[in-house]
Amino acid sequence: MKKIKNPWREKGGYDCFGCSPDNPIGLHMEFFEDGDDIVCFWCPQQHYQGWINTMHGGIISTLIDEIAGWTVMRKLQATGVTGKLEVTFKKPVMTTEPQITLRAHIIKQVRNIAVIAVTLEDGQGVICDEGTAIYFMQPEERAREMGFMGCDVEAETFFSM
1 MKKIKNPWRE KGGYDCFGCS PDNPIGLHME FFEDGDDIVC FWCPQQHYQG WINTMHGGII
61 STLIDEIAGW TVMRKLQATG VTGKLEVTFK KPVMTTEPQI TLRAHIIKQV RNIAVIAVTL
121 EDGQGVICDE GTAIYFMQPE ERAREMGFMG CDVEAETFFS M
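One point on numbering: in the UniProt record's numbering, the residue at position 33 of the sequence shown is 33, and numbering is uninterrupted.
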């Protein structure tokens, strides 16, 4: 499993709620490549709750949306926007969990549209939420205008699952 380099890290004005390491109220998500999957290990915090010790559904949806976008960036080397996001909340995610795992992969791609499947597991490996994102990819020229020059992994392998 290899860590994915953040292609926006040095871009001026980059302050994404999902993945910017510098956003003081952000989620600070980091991503890894594991075969066909993109993976994120994330630590819930109490200030992301919707009810006592229960993660807010909007935060869960944001986590799912963000990993879907990173899956497109890494696997298809493209940028774009979410056209549709469906989330199935199967089991509460507790903010007391030390770590949760999100895992995403491309289901299909037709021209500039990609469909991404995402699961969110609690610390015991139980799937709590599932998501499907339909992503509209931008033309390569537009991605370059935004400063996207590709999405690479670091050379070092961190760990395997």
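Even for Gly, the Cβ is constructed at its ideal location relative to N, Cα and C.
A direct Cα-to-Cα measurement between tyrosine 135 and alanine 68 gives close to 8 Å. Counting along the chain, threonine 88 sits inside the beta strand (DSSP E) bounded by residues 80-89. Take serine 20, set aside five residues on each side of it, and the residues of its chain with a beta-carbon closer than 8 Å to its own are Trp8, Tyr14, Gly26, His28, in chain order. Within the region 91-151, the alpha helix (DSSP H) runs of at least 4 residues that lie entirely inside it are, in chain order, 140-145. Setting aside the 5 residues that flank it on each side, glutamine 77 is surrounded in the same chain by Gly150, Cys151, each with a C-beta closer than 7 Å to its C-beta; the list follows chain order. Measuring C-alpha to C-alpha distances from isoleucine 107 to each of Pro139, Thr71, Met94, Gly83 identifies Thr71 as the nearest.
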